[in-house]
Each structure stands twice: as structure tokens, then as C-alpha cells.
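In what follows, a structure is listed as C-alpha cells, so that the remarks can point back to it.
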Amino acid sequence: MPTVRIPAVLSETGGSRNVEVDGDTVLAAVHAYTEEYGSELEDNVLGNGEVKEYINVYVNGKDVRDIDGVDTQVGDGDEIRIIPAASGG
Amino acid sequence: MVSFTPDAYDEVIDHAREGKPYEICGVLGGRHDGDEARVEFVRRVENVSETPRVNYLMEPEDQLAAIDDVEERGDVVGFYHSHPEGPRQPSETDADRANWPRHSYVIVSLGRDEPFVGSWRWTGEAFDDEEVVVDSD
Chain A
24 MPTVRIPAVL SETGGSRNVE VDGDTVLAAV HAYTEEYGSE LEDNVLGNGE VKEYINVYVN
84 GKDVRDIDGV DTQVGDGDEI RIIPAASGG
Chain B
908 MVSFTPDAYD EVIDHAREGK PYEICGVLGG RHDGDEARVE FVRRVENVSE TPRVNYLMEP
968 EDQLAAIDDV EERGDVVGFY HSHPEGPRQP SETDADRANW PRHSYVIVSL GRDEPFVGSW
1028 RWTGEAFDDE EVVVDSD
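Respectively, the protein sequence lines represent chains A and B.
Per our numbering, residue 24 is the first one in the first sequence, and the count goes up by one each step.
Per our numbering, residue 908 is the first one in the second sequence, and the count goes up by one each step.
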């Protein structure tokens, strides 16, 4: 199973956490997380079925926007990381 | 309050000056414990904004690598960027896009005067001005 690694800034518990989830794509993994832990993470990360503009999602350190977005394939041992983008004016 | 080591303070100013007329950005590393934050080192990150004179957007994989680098040595204290022509305060865009609650957003403002380094803690809803202190050597 892939692992979802969530930083403290996006964790409802206030601490970072690693969670193993089912799913063979990023989207399926996020949905599996929602089933287990509620929708807060998904609400923060996804909008209209895509990664929100100022959120970065990585699989094994690679930005999924440069792969297949939320349809990026994941499998055993893969690490999904979610990091709020740093940006401004 | 956020304190800087002299080297870290000089580094953010040097980075801002080198990058002018474009905005530069990076991750602040050190110790982050509640209201107290201490910047001991910084990690530059590439600005890939399409409008870099007035905006910054950290290159996503570089941002991740920077955070990993910082976390090997300490905590992510926050982020810094420059305003090459001012103002000293966060812009509306800064507030619209801020998304790291409890972290410091440092702005190095360059203008006609000496560089100004200010810091604001993002509460999740607003920026709170915080004191910037440089440690003595």
C-alpha cells in the first residue's frame, strides 16, 4: 500500500503523520484516506477533482502535476506527500 | 518574536539584493516552538512565478527538497521572500496565498533606504506582526 505523509500544517491533529492507505492512484488514495479519517484533508487538497492551485502533491518527491495529476499511479512503498505551496506577491 | 543568527539575517538580505529586480524566496530553518522562533539557517528556493518582479512561487520540487534539507537540521520556521521595491508589509497576494498557519513569513523589503526585514506570523486567517531580533555574535 502507498503511504500518505501529511505535514503538521495540514493535519487535524496538529502533528505530522504517515498513514498507509489503499488505492492505486493519488485520487483513490486520498479518497481512501477520507473514508478512514474524514474529509478535512481532501477538502484542503482537492477542488473540482484536481489538486488545488496552491497545494503541491508529490509521489516519491515528484510533483504530480508533472506526471498524471491526481491520476498518477501509486503502489506498494510509494510515498504521497502533500505540502502547501509557498507563494505570494 | 522571531530571532535570527547574524549569518541567517545577512543571508536573506544578500539573497534579496542579488535577486533584484526580481523577488527571491526561500525556507527559514532553525527552532520553532510555539510563539518563539529562531532562524539559524536558510535554504534558497527557485522562484518560478511567471511575474517574478511582483510575485513569488516556489518551484514545487525545490520547495520539497528545501523542507527536507531544513528538517534534517531542525524545524521549518517559515518562509522568506523579497519586495524589491517595497512595501514593507505583506501584500494582499501574500495574505490570499498564505497557508502555513503558525509559521513566520519574512519579507525583505528593498527600496531607496536600507533593507528592512519584517516578519508576520500567519494565524490561518490573518498576519500578525512579530518582532524581529538579530542575535548578538
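From the three backbone atoms N, C-alpha and C, an ideal C-beta is built for every residue, glycine too.
Small disclaimer: the values here were computed from a predicted structure and weren't measured.
The alpha helix (DSSP H) enclosing residue i, as first and last residue numbers
{"i": "residue 924/B", "result": "913–926"}
{"i": "residue 57/A", "result": "49–60"}
{"i": "residue 64/A", "result": "63–68"}
{"i": "residue 999/B", "result": "999–1004"}
For residue i, the three-state DSSP class (helix, strand or coil)
{"i": "residue 949/B", "result": "strand"}
{"i": "residue 957/B", "result": "coil"}
{"i": "residue 967/B", "result": "helix"}
{"i": "residue 979/B", "result": "helix"}
{"i": "residue 109/A", "result": "coil"}
{"i": "residue 86/A", "result": "strand"}
{"i": "residue 97/A", "result": "coil"}
{"i": "residue 92/A", "result": "helix"}
Endpoints, beta strand (DSSP E) assigned at residue i
{"i": "residue 1014/B", "result": "1011–1016"}
{"i": "residue 940/B", "result": "932–940"}
{"i": "residue 1026/B", "result": "1023–1029"}
{"i": "residue 82/A", "result": "78–82"}
{"i": "residue 1037/B", "result": "1034–1037"}
{"i": "residue 43/A", "result": "40–43"}
{"i": "residue 32/A", "result": "Element bounds for residue 32/A: n/a, residue is neither H nor E."}
Status (buried if at least 16 other CB within 10 Å, exposed otherwise) for residue i
{"i": "residue 1033/B", "result": "exposed"}
{"i": "residue 997/B", "result": "buried"}
{"i": "residue 1001/B", "result": "buried"}
{"i": "residue 86/A", "result": "buried"}
{"i": "residue 913/B", "result": "exposed"}
{"i": "residue 930/B", "result": "buried"}
{"i": "residue 48/A", "result": "buried"}
{"i": "residue 95/A", "result": "buried"}
{"i": "residue 989/B", "result": "buried"}
{"i": "residue 76/A", "result": "exposed"}
Spatial neighbours of residue i in its chain, beta-carbon cut-off 6 Å, leaving aside the 5 residues before and after
{"i": "residue 965/B", "result": "932, 952"}
{"i": "residue 925/B", "result": "none"}
{"i": "residue 918/B", "result": "949"}
{"i": "residue 1009/B", "result": "none"}
{"i": "residue 104/A", "result": "28, 81"}
{"i": "residue 973/B", "result": "934, 950, 952"}
{"i": "residue 945/B", "result": "910, 937, 938"}
{"i": "residue 1030/B", "result": "none"}
Cβ neighbours of residue i in the same chain (closer than 8 Å, five flanking residues each side left out)
{"i": "residue 56/A", "result": "27, 42, 44, 64, 65"}
{"i": "residue 99/A", "result": "24, 25"}
{"i": "residue 994/B", "result": "1016"}
{"i": "residue 73/A", "result": "92, 93"}
{"i": "residue 920/B", "result": "1015, 1022, 1024"}
{"i": "residue 1040/B", "result": "908, 909, 910, 911"}
C-beta neighbour in chain E for residue i, strict 8 Å
{"i": "residue 1017/B", "result": "The structure shown contains no chain E; the protein chains it does contain are A and B."}
7 Å Cβ shell around residue i - same chain, five flanking residues per side excluded
{"i": "residue 1038/B", "result": "908"}
{"i": "residue 79/A", "result": "86, 106, 108"}
{"i": "residue 83/A", "result": "101, 102"}
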